[in-house]
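Q: Just passing along the structure, written as structure tokens.
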Amino acid sequence: MSLPLPNDILLLVGEYVEDYRDRYNLLFVCRHFHDLFLRLVYQAAALKDCSQTRSFLGAVLRRPELARAVRSLDFHDWCPRSTSTPSSPPSDEDLAPYAQLAYSLSQTAEEHTKWEQDLRDNVEEAWIALLLPLASNLRHLQLVYPKQNVYLDRMMQRAVRGEKPFDDQPAFRVLRDVSLSHLADEEDSRGSYMTSQVLPFFQLPSMRAFSADSVVESTRPREDEPEPTHPVEEPTPGSSSIAEITLNTSSGSQGMQSLIASCSSLQSFKYQHSDSHLLAEGFQPSAFFESLASSKSSLHTLWLDNCGTHLPFTIAGANETHDEWFGPLTEFTALKDIRIRLPNLLDVRYQYEPSCPLTDVLPASVESLYVEGCKENTLVMLVGQLQKVLNKRKTQFKGLRRLDVEGFFHDEEDEDASGYQPAEAAGERVIKPRVYQTVEPLHRACAEAGIQLYLRDRVCLATMQEA
Numbered sequence: 014m015s016l017p018l019p020n021d022i023l024l025l026v027g028e029y030v031e032d033y034r035d036r037y038n039l040l041f042v043c044r045h046f047h048d049l050f051l052r053l054v055y056q057a058a059a060l061k062d063c064s065q066t067r068s069f070l071g072a073v074l075r076r077p078e079l080a081r082a083v084r085s086l087d088f089h090d091w092c093p094r095s096t097s098t099p100s101s102p103p104s105d106e107d108l109a110p111y112a113q114l115a116y117s118l119s120q121t122a123e124e125h126t127k128w129e130q131d132l133r134d135n136v137e138e139a140w141i142a143l144l145l146p147l148a149s150n151l152r153h154l155q156l157v158y159p160k161q162n163v164y165l166d167r168m169m170q171r172a173v174r175g176e177k178p179f180d181d182q183p184a185f186r187v188l189r190d191v192s193l194s195h196l197a198d199e200e201d202s203r204g205s206y207m208t209s210q211v212l213p214f215f216q217l218p219s220m221r222a223f224s225a226d227s228v229v230e231s232t233r234p235r236e237d238e239p240e241p242t243h244p245v246e247e248p249t250p251g252s253s254s255i256a257e258i259t260l261n262t263s264s265g266s267q268g269m270q271s272l273i274a275s276c277s278s279l280q281s282f283k284y285q286h287s288d289s290h291l292l293a294e295g296f297q298p299s300a301f302f303e304s305l306a307s308s309k310s311s312l313h314t315l316w317l318d319n320c321g322t323h324l325p326f327t328i329a330g331a332n333e334t335h336d337e338w339f340g341p342l343t344e345f346t347a348l349k350d351i352r353i354r355l356p357n358l359l360d361v362r363y364q365y366e367p368s369c370p371l372t373d374v375l376p377a378s379v380e381s382l383y384v385e386g387c388k389e390n391t392l393v394m395l396v397g398q399l400q401k402v403l404n405k406r407k408t409q410f411k412g413l414r415r416l417d418v419e420g421f422f423h424d425e426e427d428e429d430a431s432g433y434q435p436a437e438a439a440g441e442r443v444i445k446p447r448v449y450q451t452v453e454p455l456h457r458a459c460a461e462a463g464i465q466l467y468l469r470d471r472v473c474l475a476t477m478q479e480a
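Okay, so the sequence shown: first residue is 14 according to this note's numbering, each after it adds one.
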């Protein structure tokens, strides 16, 4: 088959074919297409079990140019062995090239022996860790960790230190964004990351965006965490090129200080707190205020504890800090997008009116403000504070374009307080009419100013849809 189009043009066309199956089918059009598009097919891979990983790894071992073509690896949809179709262990002959690779990556005979046995037993982490060092041009990585892991932590620490096998074949030098999640075990429970586990990613030279589920920063050691042979060194403050951090269902008792301080120009910080972790010590907004102080001139997005989980008590004792004031945002001169709980935005813990008005809290650069956790008895106060902001939109808040107010506004009593669980037959809940009446003056003022206003209640699903 002969085509008048040059290969460069055909490759550009292939780049626009986003569906993996369609890209794969290009290989069977003709021999020319097979040779031309094979590396394109291997640019991005979503691997879901040991069998797929073994097959992919075998291909890149046979043809090293395919390993160099890999740009994106996604393990997020990995099916644990308990839920996926059981796979038979590879034969000695089939295992040989992988065992040899494990040998080249190991530092001791004991390490190699254990790695080879885990490959034979289809230990998920052993196979994932075997593949990653080969992808020398990897840009995007979505990775899963088991609760008890050995290979991934060890590999990342060695890569950062330049230890064997990374002393003569550096890895992850062009890795730009990483997303970490957890692999469920046989009991369908998931683990958590200590900050020491994620710090190596902050020391990679090309990293720009990092996200993870369940990062726990604690002053107490985790009982199931072995003492590291080589303690992880914290990166030098301001040495990381990471500009975006997203932490879901996490707990930062010290404001994630080690992660944030390492960033030279942090632009986006999104944090969702959870008290459900064993080592959770409660949400401390003031700790995050101190940690983020070094990013006052660069931070443009701050989501502080969006849809977080707060319990009255944690293992550390009474949870008394989650409603403390974060502090004034006026010195965050680049901040445009703010999402924050009402008691953290305004100092209203011990009085009805805030000690510092909202006009003296918000930065002049704000464009979007999303206030969470408003109760009906504080709505009048918040509406009044937001109206004062609108009164200064022409002189102080010229960029303001959108307001979101989320809270407990629906038409039932507080189920947690009353113990009442309404039947599903009652239908979807709606926001009380009197709540809309309370907000109506603000709604009119926003309409006149050309500012979007959204009233939300997370129990009223229709109100939570993105606009």
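Every residue, glycine too, gets a C-beta built ideally from N, C-alpha and C.
At the level of alpha carbons, what is the spacing between residue 254 and residue 147?
A: 23 Å
Q: Please determine, among 183, 123 and 175, the residue with the shortest C-alpha to C-alpha distance to residue 151.
A: Distance from the Cα of residue 151 is smallest, within the candidate group 183, 123 and 175, for 183.
Q: Taking the alpha helix (DSSP H) that residue 316 falls in, what are its first and last residues?
A: Careful: residue 316 lies outside any alpha helix (DSSP H), inside the beta strand (DSSP E) at 314–317.
Q: Which partner residues does residue 401 have in the DSSP bridge list?
A: As far as DSSP is concerned, residue 401 takes part in no beta bridge.
Q: What is the C-beta distance between residue 336 and residue 356, in whole angstroms, given that I count them as a contact (C-beta under 8 Å)?
A: 4 Å
Q: Name the DSSP bridge partner or partners of residue 447?
A: The partner list for residue 447 (beta bridge, DSSP) is empty, contrary to what the question assumes.
Q: Check each candidate in 252, 229, 104 and 380 and name the one with the smallest Cα separation from residue 262.
A: 229
Q: What ranges does the beta strand (DSSP E) occupy inside the region 95–169, keeping only unbroken runs of at least 3 residues that lie completely in it?
A: 153–158
Q: From residue 322 to residue 193, what does the alpha carbon distance come to, in whole angstroms?
A: 20 Å
Q: How far does the alpha helix (DSSP H) with residue 63 in it reach, from first residue to last?
A: 63–75
Q: Determine the closest residue to residue 455 out of 375, 473, 415 and 346, with distance taken between C-alpha atoms.
A: With distances taken between CA atoms, residue 455 lies nearest to 415 out of 375, 473, 415 and 346.
Q: Might you give, ordered along the chain, the residues of its own chain that have their beta carbon closer than 8 Å to the beta carbon of residue 103, omitting 5 neighbours on each side?
A: 67, 111, 132 and 133
Q: Note the first and the last residue of the continuous beta strand (DSSP E) segment covering residue 230.
A: 228–230
Q: Would you please state the rounded distance, in angstroms, between the beta carbons of residue 63 and residue 129? I believe it to be under 8 Å.
A: With a Cβ gap of about 14 Å, residue 63 and residue 129 do not count as contacting.
Q: For residue 446, which option in 460, 424 and 466 has the closest C-alpha, if you only look at C-alpha atoms?
A: 424
Q: Below 8 Å on the Cβ atoms is my contact criterion, and I expect residue 298 with residue 317 to pass it. Report the Cβ-Cβ distance as a whole number of Å.
A: 7 Å
Q: Would you mind stating whether residue 221 and residue 189 have Cβ atoms separated by less than 8 Å?
A: One thing to note: residue 221 has its Cβ within 8 Å of the Cβ of residue 189.
Q: Helix, strand or coil: which one does DSSP assign to residue 424?
A: coil
Q: Find out if the Cβ-Cβ distance for the pair residue 395, residue 418 is shorter than 8 Å.
A: Yes, the Cβ-Cβ distance between residue 395 and residue 418 is below 8 Å.
Q: Tell me the DSSP secondary structure of residue 361 in three-state form.
A: coil
Q: Spatial neighbours of residue 375 within its chain, please: CB distance less than 8 Å, with the 5 preceding and 5 following residues excluded, ordered by chain position.
A: 342, 343, 351, 382, 402 and 410
Q: What's the call for residue 29, buried or exposed, on a 16-neighbour Cβ count within 10 Å?
A: Because residue 29 sits at a pLDDT of 49, beneath the cut-off of 50, its placement in the model cannot be relied upon, and the point is left open.
Q: Would residue 477 be called buried (16 or more neighbouring beta carbons within 10 Å of its own) or exposed?
A: exposed
Q: Entirely within the region 274–300 and at least 3 residues each: give me those beta strand (DSSP E) ranges in chain order.
A: 281–286, all fully within the region 274–300.
Q: What number of angstroms, rounded off, separates the C-alpha of residue 119 from the C-alpha of residue 179?
A: One C-alpha to the other measures close to 11 Å.
Q: Would you give the residue range spanned by the beta strand (DSSP E) that residue 465 belongs to?
A: 465–469
Q: So, helix, strand or coil for residue 384, using DSSP?
A: strand
Q: Write down the C-beta distance between residue 468 and residue 441 rounded to the nearest angstrom, noting that I regard them as a contact closer than 8 Å.
A: Cβ-Cβ separation between residue 468 and residue 441: approximately 16 Å, too far for a contact (criterion under 8 Å).
Q: Using three-state DSSP, classify residue 354 as helix, strand or coil.
A: strand
Q: Starting from residue 259, trace the beta strand (DSSP E) in both directions and tell me its first and last residue.
A: 257–265
Q: In this structure, how does DSSP classify residue 462 when only helix, strand and coil are distinguished?
A: helix
Q: Going by beta carbon distance, what residues of the same chain come within less than 8 Å of residue 380, once the five residues before and after it are set aside?
A: 349, 350, 412, 413, 414 and 415
Q: Looking only at C-alpha atoms, which of 197, 308 and 212 sits nearest to residue 191?
A: 212
Q: What residue range is occupied by the uninterrupted beta strand (DSSP E) comprising residue 192?
A: 190–195
Q: Name the residue from 452, 347 and 346 whose alpha carbon lies nearest to the alpha carbon of residue 398.
A: Put simply, of 452, 347 and 346 the residue whose alpha carbon is nearest the alpha carbon of residue 398 is 452.
Q: Taking 8 Å as the cut-off, decide whether the C-beta atoms of residue 309 and residue 249 are in contact.
A: In this structure, residue 249 does not lie closer than 8 Å to residue 309 by Cβ.
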